[in-house]
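To start, the structure under review is shown below, and the notes come after it.
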Amino acid sequence: MKKTQVAIVGAGRIARVHWMALRWLPEVEVIAVVSRTRQRAEDFSVRHGIPHFYTDEKQLYRDHPELQSVHICNSNSAHRDSVIHALDAGVSVLCEKPLGTSSRQIQEMTARVSESKSASQAVCFPYRLSPTFQKFQSWVSRLGTLRSIRVSYEQSSWIRRQSESVGWMPDANSYGPSYVMADIGCHALDLVQALAAASGSGLNFSMQSAVIDYAGKPSACSDIAASVSLEASGGCIAQVEVTKASQRAHNKISIEVQGEQGTLSCENLFSERIEFRGADGRQESWDRGQADSRTPVPDSLSFPLAHPEGWFSGFANLFEAFYRKGSLQTPTFAESLRVSEWIEDAFRQASYRDIQERLTRESTR
Ligand SMILES: NC(=O)c1ccc[n+]([C@@H]2O[C@H](COP(=O)([O-])OP(=O)(O)OC[C@H]3O[C@@H](n4cnc5c(N)ncnc54)[C@H](OP(=O)(O)O)[C@@H]3O)[C@@H](O)[C@H]2O)c1
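According to my numbering, the sequence shown is numbered sequentially starting from 59.
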């Protein structure tokens, strides 16, 4: 069988995760890697047994007309150009999040798709395809009409790095105009839209209000925490809290969805446990670690029960859906555009606070 030939653009941490997850698909073969830095490209290709390396994406496409797909894993600010090169070359594209650094960039990419021979396009939001989230989504229909969705995503990276090197801030040239919202806010908002879709009620959210905590004065890429509220026309509220300054968790996603007929919650998406409390008092929980063969798991998940999988298997499931075209949907450019528009609305409407002042106030309480 002839394998699907794939290239990876970018040679950092997430490029390695893509390479690892692609190894789960024997019908796919990574034939080239691209990095701006020659040494980095060569090191990555040698370490991972990839036959070709490049510093120029256009040269990759000229040399490999048989290439079918590319994984874009470079920095946020580079995604737009890399996606356009791939679409011009007519290959399928799987781009890391955020798809672009502005909704305008994403509109531009989306418009280019219709002129391209590229067969498939998707954005890498792996949490959506993680086993626990898949199970969570499959229970949303028990809730009846939805009243609220709450997603909180906490990381401690800014706090940790502050202590390692005084005044550490992310590089706006690589990240683009936003740090926390572009980096993890987009994941949380993507989960909101996936839950809205799972409810089957066509919920159409728009941004209502936002509070954004900055390091110092509001400026490019210095947003560290945010709290945003969205509302759908039927009155359902979505509350999203994201922070890079968590004092209690290095990486944690919590979700709670309330509906007319009950509440569904997951204290930590990585702990693989979900709980349902019905409005009639009925309670049920699902714990992937303790699940046995009597507990139905979505067929789409190909990994054994009782094996914690979390983030990585989200990638594996996403790539499987992208290449094998099974029943799971991969996140689309249109969905990324919606997320990007929400983020821009949040920045337009936000009131701003100084994160240091807030943390000091909280620690003296
Ligand atoms: N889906 C997820 O859960 C998830 C998780 C983590 C990260 N990500 C995303 O993955 C992407 C890469 O993150 P990472 O953690 O792998 O970062 P990283 O380790 O810093 O690697 C970034 C890569 O992009 C290249 N690069 C850096 N700045 C660039 C620029 N201005 N123009 C072009 N290329 C540039 C780097 O240098 P060279 O070109 O020299 O190689 C490197 O190959 C980001 O978009 C990030 O949001 C997604």
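Positions of the beta carbon are idealized from the N, C-alpha and C atoms, including for glycine.
* Whose C-beta lies closer than 6 Å to the C-beta of T390 among residues of the same chain, with five residues either side of it excluded? -> Within the sequence shown, the letter at position 332 stands for residue 390. Counting only Cβ-Cβ distances below 6 Å, and skipping sequence neighbours, we find nothing.
- Task: Compute the minimum distance between the beta carbon of G243 and the heavy atoms of ligand 1, and state whether it is under 7 Å.
- Result: By one-based count along the sequence shown, residue 243 stands at place 185. G243 Cβ: outside cutoff for every heavy atom of ligand 1.
field: Minimum C-alpha distance to G225 - residue among S421, R396, G274
entry: In the sequence shown, counting from the first residue as 1, residue 225 sits at position 167. Checked all of S421, R396, G274; the closest Cα to G225 is G274.
Next item on the list: Flag this pair as touching only if the stretch 375-384 and the stretch 78-86 have three or more C-beta atom pairs under 8 Å; answer yes or no.
Entry: yes
Fill in: Cβ pair S21, E393 closer than 8 Å
This structure leaves residue 21 out entirely; the chain is present only between 59 and 423.
Going by other Cβ atoms of all chains shown within 10 Å of its Cβ, with 16 needed for buried, is R105 buried or exposed?
For this step, residue 105 is matched to residue 47 along the sequence shown. Counting Cβ neighbours within 10 Å, R105 comes out exposed, since fewer than 16 surround it.
Exercise. For G243, count neighbouring C-beta atoms within 10 Å of its own C-beta (all shown protein chains included) and say buried if the count is 16 or more, exposed if not.
Key: Counting from 1 along the sequence shown, the entry for residue 243 is found at position 185. Per the 10 Å Cβ criterion, buried.
- Check whether the Cβ of I72 lies closer than 7 Å to any heavy atom of ligand 1, and answer yes or no. Taking the sequence shown and counting its residues from 1, one reaches residue 72 at position 14. Yes; taking the cut-off as 7 Å, the Cβ of I72 has a heavy atom of ligand 1 nearer than that.
| Can you give the beta carbon distance from A177 to S150, rounded, assuming they're within the 8 Å contact cut? | Numbered from its first residue, the sequence shown carries residue 177 at position 119. Numbered from its first residue, the sequence shown carries residue 150 at position 92. Indeed, because the Cβ distance is near 5 Å, the residues count as touching under 8 Å.
Please indicate yes or no: does the CB of C279 lie closer than 7 Å to some heavy atom of ligand 1? As a working mapping, residue 279 is identified with position 221 in the sequence shown. The answer is no for C279.
Q. Expressed to the nearest angstrom, what Euclidean distance is found between the alpha-carbon atoms of Q220 and S285?
A. Residue numbering aside, residue 220 sits at position 162 when the sequence shown is read from its first letter. Residue numbering aside, residue 285 sits at position 227 when the sequence shown is read from its first letter. One C-alpha to the other measures close to 22 Å.
If you draw a straight line from the C-alpha of E420 to the C-alpha of I413, how long is it? Mapped onto the sequence shown, residue 420 falls at position 362. Mapped onto the sequence shown, residue 413 falls at position 355. Cα-Cα distance, rounded: 10 Å.
Expressed to the nearest angstrom, what Euclidean distance is found between the alpha-carbon atoms of S440 and R340? Given that the chain is displayed from residue 59 to residue 423, the structure contains no residue 440 and the question cannot be resolved.
For the beta strand (DSSP E) that C182 lies in, which residues bound it at each end? For the purposes of this step, residue 182 is taken as residue 124 along the sequence shown, with counting starting at 1. Run containing C182: 179-182, per the beta strand (DSSP E) assignment.
Point to revise | T62 versus V86: straight-line alpha-carbon distance, rounded | key: The residue labelled residue 62 in the question sits at position 4 within the sequence shown. The residue labelled residue 86 in the question sits at position 28 within the sequence shown. Between T62 and V86, the C-alpha separation is close to 5 Å.
query = So V198 is in the alpha helix (DSSP H); what residue range does that whole segment cover?
reply = Along the sequence shown, read from residue 1 onward, the residue named residue 198 stands at position 140. Neither: V198 is in no alpha helix (DSSP H) and is coded neither H nor E.
Notebook entry, point to check: Under a Cβ-count criterion, where at least 16 other Cβ atoms within 10 Å of its own Cβ denotes burial, should S168 be classed as buried or exposed?
Noted result: Here the question's residue 168 lines up with position 110 in the sequence shown. First, the residue type needs correcting, since residue 168 is Thr and not Ser in the sequence shown. Answer is buried; the Cβ neighbour count reaches 16.
key: Candidates F111, R74, W216, of which the one nearest C279 by Cα   = Translated into the one-based positions of the sequence shown, residue 279 becomes position 221. Measuring from the Cα of C279, the nearest candidate turns out to be W216.
Practice prompt. Below 6 Å CB to CB, which residues in the same chain sit around S360 once its five sequence neighbours on both sides are set aside?
Written response: Residue mapping note: residue 360 aligns to position 302 of the sequence shown, counting from 1. For S360, the predicted model reports a pLDDT of 48, less than 50, meaning its position is unreliable and no value from the coordinates is stated.
Tell me which same chain residues have a C-beta within less than 7 Å of the C-beta of Y112, skipping the five on either side of it? In the sequence shown, residue 112 corresponds to position 54, counting from 1. Contacts found: A90, V92, A99, L118.
**Prompt:** By how many angstroms is the C-alpha of Q179 removed from the C-alpha of G372?
**Reply:** Looking up residue 372 in the sequence shown gives position 314. Looking up residue 179 in the sequence shown gives position 121. Whole-angstrom Cα-Cα distance: 17 Å.
Cβ shell of L201 (< 8 Å), same chain only, five flanking positions each side left out: Position 143 of the sequence shown holds residue 201. Correct list, in chain order: S257, V315, Q316, G317, E318, Q319, G320, T321, L322.
**Item:** Opening and closing residue of the beta strand (DSSP E) in which Y272 lies
**Value:** Counted from its first residue, the sequence shown places residue 272 at position 214. Taken as a continuous stretch (DSSP letters only), the beta strand (DSSP E) holding Y272 covers 263-272.
Problem set entry | Residue burial classification, A443 (beta-carbon count within 10 angstroms, cutoff 16) | With the chain represented from 59 up to 423, any question about residue 443 goes unanswered, as that position is not in the structure.
>> Rounding to the nearest angstrom, what Cα-Cα distance links G68 and K155 in this structure?
In response: Looking up residue 68 in the sequence shown gives position 10. Looking up residue 155 in the sequence shown gives position 97. Each residue's Cα considered, the two are about 13 Å apart.
Beta-carbon proximity of H129 to L152, cut-off 8 Å = Reading the sequence shown from its first residue, position 71 is the one you call residue 129. Reading the sequence shown from its first residue, position 94 is the one you call residue 152. Yes, they are a contact pair.
### Query
At a cut-off of 7 Å, is S135 close to ligand 1 when judged by its beta-carbon and the heavy atoms of the ligand?
Here residue 135 refers to the residue found at position 77 of the sequence shown. Yes.
| CB-CB length for A290 against L261, believed under 8 Å | The count along the sequence shown starts at 1 and reaches residue 290 at position 232. The count along the sequence shown starts at 1 and reaches residue 261 at position 203. Sure, about 4 Å apart at Cβ, within 8 Å.
| said: Suppose you measure from the CA of Q192 to the CA of G107; what does that come to, to the nearest Å? | reply: As a first step, residue 192 must be located in the sequence shown, where it is residue number 134. As a first step, residue 107 must be located in the sequence shown, where it is residue number 49. Cα-Cα distance, rounded: 33 Å.
Using C-beta distances below 6 Å, list every residue in its chain close to S351, excluding the 5 sequence neighbours before and after it, in chain order.
The residue labelled residue 351 in the question sits at position 293 within the sequence shown. Confidence is the limiting factor: at S351 the pLDDT is only 48, short of 50, which leaves the residue's position unreliable, though a coordinate-based value still follows. Excluding residues within five positions, none has a Cβ falling inside 6 Å.
Worksheet item: Quick one: does the C-beta of K155 sit closer than 7 Å to a heavy atom of ligand 1?
Response: As a position in the sequence shown, residue 155 is number 97, starting the count at 1. For ligand 1, at least one heavy atom lies less than 7 Å from the Cβ of K155.
| Looking at the unbroken beta strand (DSSP E) that takes in H110, where does it start and where does it end? | Your numbering for residue 110 matches position 52 in the sequence shown. Run containing H110: 110-112, per the beta strand (DSSP E) assignment.
Going by the DSSP bridge assignment, what does T321 pair with across the sheet?
The residue given as residue 321 occupies position 263 in the sequence shown. Its beta-bridge partners are Q316, R335.
Margin query: Comparing C-alpha positions only, which one of Q213, A230, F183 sits nearest to Q305?
Written below: Position 247 of the sequence shown, counted from the first residue, corresponds to residue 305. Among Q213, A230, F183, the Cα nearest to that of Q305 is on Q213.
query = What three-state label does DSSP hand P356 in the structure shown?
reply = Along the sequence shown, one-based indexing puts residue 356 at 298. Caution applies to P356, whose pLDDT of 49 falls short of 50 and renders its modelled position unreliable; the value that the coordinates give is listed next. If DSSP states are grouped into helix, strand and coil, P356 belongs with coil.
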